[in-house]
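> Taken in order, these protein sequences are the chains called A and B.
The numbers in this note's numbering rise by one with no breaks, and the one at position 187 of the first sequence is 1420.
The numbers in this note's numbering rise by one with no breaks, and the one at position 67 of the second sequence is 1300.
There are 2 protein chains.
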Amino acid sequence: MVAALVGDPARANMLTALLSGRALTATELAQEAGVTPQTASSHLAKLEGGGLVEPEKQGRHRYYRLADPDVADVLEKLAGLAARAGHMRVRTGPKEPELRRARICYDHLAGDLGVRMLDSMVSQKLVRRRKQEILLTTDGEHFLAKHLRISPEMLAHPRRPVCKACLDWSARRHHLAGTLGAALMKRFTELKWAARDPAPGSRVVNFSRAGEKHFAALFGSEGD
Amino acid sequence: MVAALVGDPARANMLTALLSGRALTATELAQEAGVTPQTASSHLAKLEGGGLVEPEKQGRHRYYRLADPDVADVLEKLAGLAARAGHMRVRTGPKEPELRRARICYDHLAGDLGVRMLDSMVSQKLVRRRKQEILLTTDGEHFLAKHLRISPEMLAHPRRPVCKACLDWSARRHHLAGTLGAALMKRFTELKWAARDPAPGSRVVNFSRAGEKHFAALFGSEGD
DNA sequence: TTCATAGTTCGATGCTAGCCGAAGCATTCC
DNA sequence: GGAATGCTTCGGCTAGCATCGAACTATGAA
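#1: Would you mind stating whether residue 1351(A) and residue 1408(A) have Cβ atoms separated by less than 8 Å?
#2: What is the residue span of the beta strand (DSSP E) that residue 1360(B) lies within?
#3: Can at least three beta-carbon pairs, one atom from the region 1245-1253 of chain A and one from the region 1261-1281 of chain A, be found at a separation below 8 Å?
#4: State the Cα-Cα distance for the pair residue 1452(B) and residue 1310(B), rounded to the nearest angstrom.
#5: Going by DSSP in three states, residue 1357(A) sits in which element: helix, strand or coil?
#6: Please classify residue 1375(A) as buried or exposed, where buried requires at least 16 neighbouring CB atoms within 10 angstroms.
#7: Excluding five sequence neighbours on each side, which residues of the same chain lie with their C-beta closer than 8 Å to the C-beta of residue 1358(B)?
#8: Sort out for me which residues DSSP pairs residue 1302(B) with in a bridge.
#9: So, are the CB atoms of residue 1175(B) and residue 1300(B) less than 8 Å apart?
#10: For residue 1413(A) and residue 1334(A), I'd like the C-alpha separation in whole angstroms.
#11: Report yes or no: is there a C-beta of chain A within less than 8 Å of the C-beta of residue 1428(B)?
#12: Could you spell out the range, first to last residue, of the alpha helix (DSSP H) harbouring residue 1270(A)?
#13: Opposite residue 1307(B) in the DSSP bridges: which residues?
#14: Sort 1293(A), 1443(A), 1242(A), 1416(A) by Cα distance to residue 1393(A) and report the nearest one.
#15: If residue 1254(A) sits next to residue 1436(A), beta carbons under 8 Å apart, how far is it from one beta carbon to the other, in whole angstroms?
#16: Near residue 1331(A), what residues of its chain come up, given a Cβ to Cβ distance below 6 Å and the 5 sequence neighbours on each side ignored?
#17: For residue 1434(B), collect the residues of the same chain with a Cβ closer than 6 Å to its Cβ; drop the 5 residues on either side in sequence, then sort them by chain order.
#18: What did DSSP end up calling residue 1251(A) once you bin it into helix, strand or coil?
#19: Classify residue 1379(A): buried if its beta carbon has 16 or more other beta carbons within 10 angstroms, exposed otherwise.
#20: Please report the residue range of the beta strand (DSSP E) in which residue 1431(A) lies.
#21: Whole angstroms are fine: how far does the CA of residue 1317(B) sit from the CA of residue 1447(B)?
#22: Along the chain, where does the beta strand (DSSP E) that runs through residue 1336(A) open and close?
#23: Apart from the five residues on each side of it in sequence, which residues of its chain come closer than 6 Å, Cβ to Cβ, to residue 1261(B)?
#24: Can you name the start and end residues of the beta strand (DSSP E) that residue 1424(A) belongs to?
#25: Leaving out the 5 sequence neighbours to the left and right, which residues in its chain are closer than 7 Å to residue 1366(A) when beta-carbon positions are compared?
#26: When you compare only the Cα positions, how much space is there between residue 1337(B) and residue 1315(B)?
#27: Going by CA-CA distance only, name the one from 1298(A), 1252(A), 1242(A) that's closest to residue 1259(A).
#28: Just checking my contact of residue 1425(B) with residue 1444(B) at CB under 8 Å: how many whole Å lie between their CB atoms?
#29: Taking only beta-carbon atoms, is residue 1444(B) less than 8 Å away from chain A?
#30: Does the Cβ of residue 1244(A) have 16 or more other Cβ atoms within 10 Å, making it buried, or fewer, making it exposed?
#31: Given this structure, state the Cα-to-Cα distance separating residue 1295(A) from residue 1386(A), to the nearest angstrom.
#32: Compare the C-beta of residue 1317(A) with all C-beta atoms of chain B and state if any pair is closer than 8 Å.
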C-alpha cells in the first residue's frame, strides 16, 4: 500500500524534501530525514519499489527524484489534509519561499498567488462557490474575455470541469484548477507575466516585474 | 501524519468501504476490515482524530462517513497510485458471495451485476465514458425510455449528476451511480426484478428468476 | 596501487502499534 | 426492572519494522 510508504516519518521527510522538484542524492536525503545512510538506503529501496521515486545513477552518486507529477500532487493533497486536522508536521510546507509563493500544480497556478487569485475571483463575483463546486458567472466570462481574451469556448472540455477547487499544499486553502485554471496559467505565460523556472524539474513559477503588476491589478495586491 | 492512518490495512479497508459515500456503523466497518469490534473502535478513534471520518450518533449506533470530499479525492488518488505500481491490495472484498454479486451502494446497484451493467451500457453506447465522467447518449435516452420507461426529466436534479462512476468495493471497478443509477435500481424494484434483502442492515440485493432474465436481456449475460 | 567517498547488505536490537479477551457504559427492547 | 445489542476502555501479548553497527561493493582520485 502506497499510503504506508508515505506514513513513515523518515520517508515522509524525504518525500517532502523532493517536493521541490529537485533530485537529491541518497546521502542528502538521509540528512533530511535525520537517519543514517543505511536506514535511508532501505527506505529509498522501498519508495522505489512503490513507484514513488525514481533513481538516476551519476558517477558514484545516486540521485532520487519523485517518479511523477501525480506523486507530487498526491503528496501535496495529503499534506493539505494533515494541516487541516492540526496534525501539521513541525516543518511546514516548502522551505523555499519562491515555491511557497507561486508554483505549478499539474498545469495551473498554486501557492500564495494561486490562492489569492481564487479569493479575489470569488469576492469579485467572477465565480460562485459552493463548497467544492465552483461555477463561472457571466460577470466572470465578461471579465475573462475583456482582460485576458479567454472565451468560454476555449474552456469547454468533454472530461474536465471548467472550475475545480484544488487543495493548496503550502497555503492550506484552495486554489483554482480545471480548464480555467490551466487557461489562466497558459495566458500568463503567453503574456510573459510569468514563466516556469528553467531549472530541470523545478516547479517554481517566476513572475516578471510587469507581470506582477498586471496580476495585482486584476486579482488584488497584497492586502486581499 | 494522515498517510500513516491510511497506511494500515485495516483502516484502509474501512476507508475503502466508506468510499461509496454511504455511512456505515462501527460494527459494519469492523466486519469490512476483518477485525474485532474493539480493534475497529480504536482505529475509528484514530481516523476521527485525524479528521478523515466523521461520526454521527443515531440511537445505539454510531455511523461513520468520510469527513469531506477532499478526503475521498485523496483516497481515490492514492488508490490510483497503488494500482499503477501493481500494489493491488491482497485482502479484498466481502466473503459473502451474494454481497459480491449484487448489493446496494447508497441507492444504486453495486457488485458484479452493477459493474457488468455499466460495462454493457458502455459497449452498447448508451453512455459515453471518459475516466470518471459518464455521459448519457441520445441512444441511451431512447433505450431507457423504450425498455424501462425512464425519461430524461426524471433524472434531472440540481445538485446531483445523472451519471457518476462509483468505485466498486468488491470488483475494484466502477459501477453506475448518480440519478440514473438510482432510477434504475428503483425501477428494478418496482418491476419486481430485484429486492433488497429483508434482513435488517443487509445490503444484499436479491434478483428474482424472471428479473435476472430481463436484466440479462438488456445488459448482457455472463460474457461481457 | 592505495586511499577516500557513496552507497548497499546483513544481522541484531528495541520500540511501536495492532490485536484480542474481558469488562464496563449506553441505549433500546420486552 | 432485566436482557440484549452496540460500542468503548483497559491490559497484556505479539509481530513487524525502523534503526544502527559492521562489513562489503563500486566509483573516482592520487
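The C-beta atom is built at its ideal place from N, Cα and C for all residues, glycine as well.
Just so it is clear, the structure is predicted and the values come from calculations on it, not from any experiment.
Judging by the given coordinates:
#1: yes
#2: 1360-1363 is the extent of the beta strand (DSSP E) around residue 1360(B).
#3: yes
#4: Near 30 Å, if we compare the C-alpha coordinates of residue 1310(B) and residue 1452(B).
#5: coil
#6: It is exposed - the Cβ of residue 1375(A) has fewer than 16 other Cβ atoms within 10 Å.
#7: 1370, 1372, 1373
#8: For residue 1302(B), which the question treats as bridged, DSSP gives no partner whatsoever.
#9: With chain B covering 1234 to 1457 only, the question about residue 1175(B) has no answer from this structure.
#10: Within the model, the alpha-carbon separation for residue 1413(A) versus residue 1334(A) is close to 20 Å.
#11: no
#12: 1270-1282
#13: None; residue 1307(B) has no bridge partner.
#14: 1416(A)
#15: 4 Å
#16: 1437
#17: A caution first: residue 1434(B) carries a pLDDT of 45, below 50, which makes its placement in the model too unreliable to give a value.
#18: helix
#19: exposed
#20: DSSP places residue 1431(A) outside any beta strand (DSSP E), giving it a letter other than H or E.
#21: 37 Å
#22: Taken as a continuous stretch (DSSP letters only), the beta strand (DSSP E) holding residue 1336(A) covers 1336-1338.
#23: none
#24: First-last for residue 1424(A): undefined, no H or E at that position.
#25: none
#26: So the two alpha carbons sit approximately 26 Å from each other.
#27: 1298(A)
#28: 7 Å
#29: no
#30: buried
#31: 47 Å
#32: yes
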